[in-house]
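Chemist: Structure below; questions to follow.
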Amino acid sequence: MNFLDFEQPIAELDAKIEELRYVGNDSDININEEITRLQNRSQELIRSIFSSLTAWQISQVARHPQRPYTLDYIQRIFTDFDELHGDRNFADDPAIVCGLARLDGNPVMIIGHQKGRDTKERIYRNYGMPKPEGYRKALRIMKLAERFRIPIITMIDTPGAYPGIGAEERGQSEAIAKNLLVMSQLNVPVISIVIGEGGSGGALAIGVADRLLMLQYSTYSVISPEGCASILWKSADKAADAAEVMGITADRLRELGLVDRIIDEPLGGAHRDYDMIAMEVRDRLRESLAELTGKSVAELVEERHKRFRDFGFYTS
Amino acid sequence: MSWFKKILPSGIKSNGSPRRTVPEGVWTKCVKCNAVLYRAELERNLEVCPKCSNHMRISARVRLQGFLDEDDRVEIGQHIKPVDKLKFRDSKKYKDRLNQAARSTGESDALVVMRGQVRALPVVACAFEFSFMGGSMGSVVGERFVLGVETAMEYRIPLVCFSASGGARMQEAIVSLMQMAKTSSALARLKQQGIPYISVLTDPTMGGVSASLATLGDINIAEPGALIGFAGPRVIEQTVRETLPEGFQRSEFLLEHGDIDMIVDRREMRERVSSLLAKLTHQPVPA
Numbered sequence: 436m437n438f439l440d441f442e443q444p445i446a447e448l449d450a451k452i453e454e455l456r457y458v459g460n461d462s463d464i465n466i467n468e469e470i471t472r473l474q475n476r477s478q479e480l481i482r483s484i485f486s487s488l489t490a491w492q493i494s495q496v497a498r499h500p501q502r503p504y505t506l507d508y509i510q511r512i513f514t515d516f517d518e519l520h521g522d523r524n525f526a527d528d529p530a531i532v533c534g535l536a537r538l539d540g541n542p543v544m545i546i547g548h549q550k551g552r553d554t555k556e557r558i559y560r561n562y563g564m565p566k567p568e569g570y571r572k573a574l575r576i577m578k579l580a581e582r583f584r585i586p587i588i589t590m591i592d593t594p595g596a597y598p599g600i601g602a603e604e605r606g607q608s609e610a611i612a613k614n615l616l617v618m619s620q621l622n623v624p625v626i627s628i629v630i631g632e633g634g635s636g637g638a639l640a641i642g643v644a645d646r647l648l649m650l651q652y653s654t655y656s657v658i659s660p661e662g663c664a665s666i667l668w669k670s671a672d673k674a675a676d677a678a679e680v681m682g683i684t685a686d687r688l689r690e691l692g693l694v695d696r697i698i699d700e701p702l703g704g705a706h707r708d709y710d711m712i713a714m715e716v717r718d719r720l721r722e723s724l725a726e727l728t729g730k731s732v733a734e735l736v737e738e739r740h741k742r743f744r745d746f747g748f749y750t751s
Numbered sequence: 003m004s005w006f007k008k009i010l011p012s013g014i015k016s017n018g019s020p021r022r023t024v025p026e027g028v029w030t031k032c033v034k035c036n037a038v039l040y041r042a043e044l045e046r047n048l049e050v051c052p053k054c055s056n057h058m059r060i061s062a063r064v065r066l067q068g069f070l071d072e073d074d075r076v077e078i079g080q081h082i083k084p085v086d087k088l089k090f091r092d093s094k095k096y097k098d099r100l101n102q103a104a105r106s107t108g109e110s111d112a113l114v115v116m117r118g119q120v121r122a123l124p125v126v127a128c129a130f131e132f133s134f135m136g137g138s139m140g141s142v143v144g145e146r147f148v149l150g151v152e153t154a155m156e157y158r159i160p161l162v163c164f165s166a167s168g169g170a171r172m173q174e175a176i177v178s179l180m181q182m183a184k185t186s187s188a189l190a191r192l193k194q195q196g197i198p199y200i201s202v203l204t205d206p207t208m209g210g211v212s213a214s215l216a217t218l219g220d221i222n223i224a225e226p227g228a229l230i231g232f233a234g235p236r237v238i239e240q241t242v243r244e245t246l247p248e249g250f251q252r253s254e255f256l257l258e259h260g261d262i263d264m265i266v267d268r269r270e271m272r273e274r275v276s277s278l279l280a281k282l283t284h285q286p287v288p289a
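Protein sequences appear in the order of chains A and B.
Each residue of the first sequence is one higher than the last, beginning at 436 in my numbering.
Each residue of the second sequence is one higher than the last, beginning at 3 in my numbering.
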């Protein structure tokens, strides 16, 4: 288990428990009671630390190297998954995975950002930062879903769209813009779940949805806290302040009326129990789908349009 | 005080009120070719350097005044004004930044929208005010743009947008990100109704604006030499750790890579855009 800075007290306690276990194994003294006592304390410590996380700490949990990614959810929530590759024009972008699967026996289309677990896979997945071909693959798959009347589920987890030379040459801006335009009019239900980092336009490009769900310790923002700090404060060290003032957490975004459901995470974060968080996600997904399946196409598209049309704060 | 002033007899001293023979701003310099230019002539030339054709930045209102016919202009959405919903504060309060931008530009936010005519063809035209917080898109820009789109649909007339923007407005955080979806969703409806939209990308058009309304034109035009892209050149350089190619993210580079339809000189914009619109709407050649 990797521990974040603010989890150090938990890490120390867990190390102590491990040590005691080791001693316990080769001595006659019964220290089970002591271990149980320390384990309870550890749980309490986690509870108390996680009950008052700052926005910056939450963004660290959202980026935790062991956080479950799109494929971890696909494996646990859906059956019969067939991955579909390529944008038919340039390449297949492994930073976005797409495919057909079943939820409770019914076909669904899944589109999600994918990060890598080890160095090799991280590079292969480009740290979850899609290039235009990734967004164009997603677009192709959405149109495919629409043609066969299959609901779309997207999973958002990206630091942002890739800022590279080739990406710019191939029209990163246009690829994102096109997705926003097409998604706003899709004839099938679209549900987006922010499972980790919702990084700006690179996230929104698969996030124009009828329902937006966010994991408890996920974030969604116009720019990373570091990026915001380096532009507005001229110093990336102010990232914690930037995270606070931008309001990137699920709670804050719900207050703004943007998020429909917050998905509770296991104590200490989703990475501590993959199966448990997958079941939570599945249940909230079912509820959201149920709300949408009864709607006519006209209703669905009109409501989605209105959802974005009316979003903004100004005086008039 | 310089030694020279000290030795001057008191009658010659200026007493702190400088008398200038040349009023400020009569002359200006082209940042590109360094030519000294007569301010009034530069204005007549729509802020394009007569020596090297460098397209300098131009204010939204001057842009629309130069683009639209003189008669029958109606401004749209000027009653939409910014509020600081998030109580955003970085090194300065967002509220103070808004006030300061309003004082220095005379605008209440970064987009001006008008209904009018271009060579007698009715249009809705929008222009970004880059001097207002870098032309950044927040709630007001999003709402005014959508009102422009809806006016175009109501009158069934084409839409033209001149973008000049650093992207989404950070001080409105997620709310500004959502303006990308809001403006794109409105444009989707415009497209469904078969009403043409011409996007003119000017220097600079970056980030959330280039990744939404600015690249969604039925025809995308760029002014010469404009910086256009998703990520800023510095961010890209830091990410890829290599020198960027010559002319990277400039209009000419975009044309070469198939990202835009054409490059049009500002002094020909009225003619070219109206000529395109007339064809798209099956009208005779504009007078």
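From the three backbone atoms N, C-alpha and C, an ideal C-beta is built for every residue, glycine too.
Please confirm if R744(A) has its CB atom under 8 Å from at least one CB of chain B.
Modeler: Locating residue 744(A) in the first sequence gives position 309, where the first residue counts as 1. So, interface residue.
Chemist: State the DSSP-derived secondary structure class of H259(B), mapped to helix, strand or coil.
Modeler: In the second sequence, residue 259(B) corresponds to position 257, counting from 1. Note: H259(B) maps to coil in three-state DSSP.
Chemist: CA-CA distance, V115(B) and G140(B)?
Modeler: On the second sequence, position 113 is the one that residue 115(B) refers to. On the second sequence, position 138 is the one that residue 140(B) refers to. Computed Cα separation, rounded: 15 Å.
Chemist: Could you pull out every residue in the same chain whose Cβ sits closer than 8 Å to the Cβ of E518(A), ignoring the five residues on either side in sequence?
Modeler: Your numbering for residue 518(A) matches position 83 in the first sequence. For E518(A), where only same-chain residues beyond five positions count, the Cβ hits under 8 Å are V532, C533, G534.
Chemist: Would you mind reading off the limits of the alpha helix (DSSP H) that contains Q495(A)?
Modeler: Within the first sequence, residue 495(A) is the residue found at index 60, counting from 1. 490-497 is the extent of the alpha helix (DSSP H) around Q495(A).
Chemist: Which full runs of the beta strand (DSSP E) of 3+ residues lie inside the segment 614-685 of chain A, going along the chain?
Modeler: Runs of the beta strand (DSSP E) inside the segment 614-685 of chain A: 625-634, 646-650, 654-656.
Chemist: If you measure between the beta carbons of N437(A) and Q495(A), is that distance less than 8 Å?
Modeler: Counted from its first residue, the first sequence places residue 437(A) at position 2. Counted from its first residue, the first sequence places residue 495(A) at position 60. The answer is no: Cβ separation not under 8 Å.
Chemist: List, in chain order, every chain B residue whose beta-carbon is nearer than 8 Å to that of I666(A).
Modeler: Along the first sequence, one-based indexing puts residue 666(A) at 231. The answer, in chain order, is M172.
Chemist: Restricting to Cα atoms, I'd like to know which of D676(A), R687(A), N622(A) is closest to P660(A).
Modeler: What you label residue 660(A) is simply residue 225 of the first sequence in a count that begins at 1. Minimum Cα distance to P660(A) is reached at D676(A).
Chemist: Thinking A530(A) and F516(A) are a contact (beta carbons under 8 Å), I'd like their distance in whole angstroms, please.
Modeler: On the first sequence, position 95 is the one that residue 530(A) refers to. On the first sequence, position 81 is the one that residue 516(A) refers to. Actually they are not in contact, since the Cβ atoms of A530(A) and F516(A) sit about 18 Å apart, beyond 8 Å.
Chemist: Which residues mark the beginning and the end of the alpha helix (DSSP H) in which T153(B) is found?
Modeler: Translated into the one-based positions of the second sequence, residue 153(B) becomes position 151. Unbroken alpha helix (DSSP H) run through T153(B): 141-157.
Chemist: Cα-Cα, which of G634(A), E737(A), M681(A) is closest to A497(A)?
Modeler: Walking along the first sequence from the start, residue 497(A) turns up at place 62. The shortest C-alpha separation from A497(A) is found at G634(A).
Chemist: For Y96(B), collect the residues of the same chain with a Cβ closer than 6 Å to its Cβ; drop the 5 residues on either side in sequence, then sort them by chain order.
Modeler: Taking the second sequence and counting its residues from 1, one reaches residue 96(B) at position 94. The residues are D86, F90, Q173.
Chemist: So what's V458(A) in DSSP terms, helix, strand or just coil?
Modeler: Working through the first sequence from its first residue, we reach residue 458(A) at position 23. Residue state, collapsed to three classes: helix.
Chemist: Below 8 Å CB to CB, which residues in the same chain sit around I470(A) once its five sequence neighbours on both sides are set aside?
Modeler: For the purposes of this step, residue 470(A) is identified with residue 35 of the first sequence, where counting begins at 1. Result list for I470(A): I452, L455, R456, G459, in chain order.
Chemist: What are the residues that DSSP puts in a beta bridge with V202(B)?
Modeler: Taking the second sequence and counting its residues from 1, the one referred to as residue 202(B) is at position 200. Paired residue(s): F164(B), I223(B).
Chemist: Return the chain-ordered list of same chain residues with a C-beta closer than 7 Å to the C-beta of H520(A), the five sequence neighbours on each side being excluded.
Modeler: For the purposes of this step, residue 520(A) is taken as residue 85 along the first sequence, with counting starting at 1. Here the set comprises D527.
Chemist: Considering K31(B), what are the terminal residues of the beta strand (DSSP E) in which it resides?
Modeler: Numbered from its first residue, the second sequence carries residue 31(B) at position 29. That run of the beta strand (DSSP E) goes 29-31.
Chemist: Nearest CA to the CA of D699(A): which residue from I591(A), S653(A), E479(A), Y504(A)?
Modeler: Taking the first sequence and counting its residues from 1, the one referred to as residue 699(A) is at position 264. For D699(A), the nearest C-alpha among the options comes from S653(A).
Chemist: For T505(A) and chain B, any beta-carbon pair shorter than 8 Å?
Modeler: One-based indexing of the first sequence puts residue 505(A) at position 70. No, its Cβ sits nowhere closer than 8 Å to a Cβ of chain B.
Chemist: For G534(A), write down the residues that DSSP places opposite it in a beta bridge.
Modeler: Residue numbering aside, residue 534(A) sits at position 99 when the first sequence is read from its first letter. Note: G534(A) sits in a beta bridge opposite E518(A), I545(A).
Chemist: According to DSSP, is A170(B) helix, strand or coil?
Modeler: Here residue 170(B) corresponds to residue number 168 of the second sequence, with the count starting at 1. Of the three classes helix, strand and coil, the one that applies to A170(B) here is strand, per DSSP.
Chemist: Using a Cβ-Cβ distance under 8 Å, would F748(A) count as near chain B?
Modeler: Position 313 of the first sequence, counted from the start, is the residue given in the question as residue 748(A). Judged by the 8 Å Cβ criterion, F748(A) is in contact with chain B.
Chemist: Cβ of I585(A) less than 8 Å from any chain B Cβ?
Modeler: Mapped onto the first sequence, residue 585(A) falls at position 150. Answer no: the Cβ-Cβ gap between I585(A) and chain B never drops below 8 Å.
Chemist: For the beta strand (DSSP E) holding V120(B), just list the boundary residues, first then last.
Modeler: For the purposes of this step, residue 120(B) is taken as the residue at position 118 of the second sequence. Per DSSP, V120(B) belongs to the beta strand (DSSP E) from 113-120.
Chemist: CB-CB under 6 Å to S93(B), same chain, minus the five flanking residues each way: which ones, in chain order?
Modeler: As a working mapping, residue 93(B) is identified with position 91 in the second sequence. Excluding positions up to five away in sequence, the list is empty.
Chemist: Relative to the C-alpha of M649(A), which candidate in I545(A), R696(A), D449(A) has its C-alpha closest?
Modeler: Along the first sequence, one-based indexing puts residue 649(A) at 214. Nearest of I545(A), R696(A), D449(A) to M649(A), Cα basis: R696(A).
Chemist: In chain order, what residues of the segment 606-627 of chain A put their CB closer than 9 Å to some CB of chain B?
Modeler: So the close ones are G606, Q607, S608, E609, A610, I611, A612, K613, N614, L615, L616, V617, M618, S619, Q620.
Chemist: Please tell me whether F90(B) has its Cβ less than 8 Å away from any Cβ of chain A.
Modeler: Position 88 of the second sequence, counted from the first residue, corresponds to residue 90(B). Chain A, which has a Cβ nearer than 8 Å to the Cβ of F90(B), makes this yes.
Chemist: If you run the structure through DSSP and keep just helix, strand and coil, what is L39(B)?
Modeler: Sequence index remark: in the second sequence, residue 39(B) carries index 37 (1-based). Strand.
Chemist: Would you please state the rounded distance, in angstroms, between the beta carbons of I78(B) and G150(B)? I believe it to be under 8 Å.
Modeler: For the purposes of this step, residue 78(B) is identified with residue 76 of the second sequence, where counting begins at 1. For the purposes of this step, residue 150(B) is identified with residue 148 of the second sequence, where counting begins at 1. Correct: roughly 6 Å between the Cβ atoms.
Chemist: Looking at the C-beta of M139(B), does it have a partner C-beta in chain A at a distance below 8 Å?
Modeler: Here residue 139(B) refers to the residue found at position 137 of the second sequence. Taking Cβ atoms only, chain A never reaches closer than 8 Å to M139(B), which makes this a no.
Chemist: Residues of chain A with a CB under 8 Å from the CB of F232(B): which are they?
Modeler: As a first step, residue 232(B) is located in the second sequence; it is residue number 230 there, counting from the start. Ordered by position in chain A, the residues that pass the 8 Å Cβ test against F232(B) are A596, P598, A602, E603, Q607, S608, I611, G636.
Chemist: Out of P206(B), L123(B), M208(B), P226(B), point me to the one whose CA is closest to S277(B)'s CA.
Modeler: Residue 277(B) sits at position 275 when you count from the first residue of the second sequence. Comparing Cα positions, the closest option is L123(B).
Chemist: So, helix, strand or coil for D98(B), using DSSP?
Modeler: Counting from 1 along the second sequence, the entry for residue 98(B) is found at position 96. Three-state result, D98(B): helix.
Chemist: Taking the straight line between their C-alpha atoms, what separation do you get for K669(A) and H259(B)?
Modeler: Taking the first sequence and counting its residues from 1, one reaches residue 669(A) at position 234. Taking the second sequence and counting its residues from 1, one reaches residue 259(B) at position 257. Roughly 34 Å between the two C-alpha positions.
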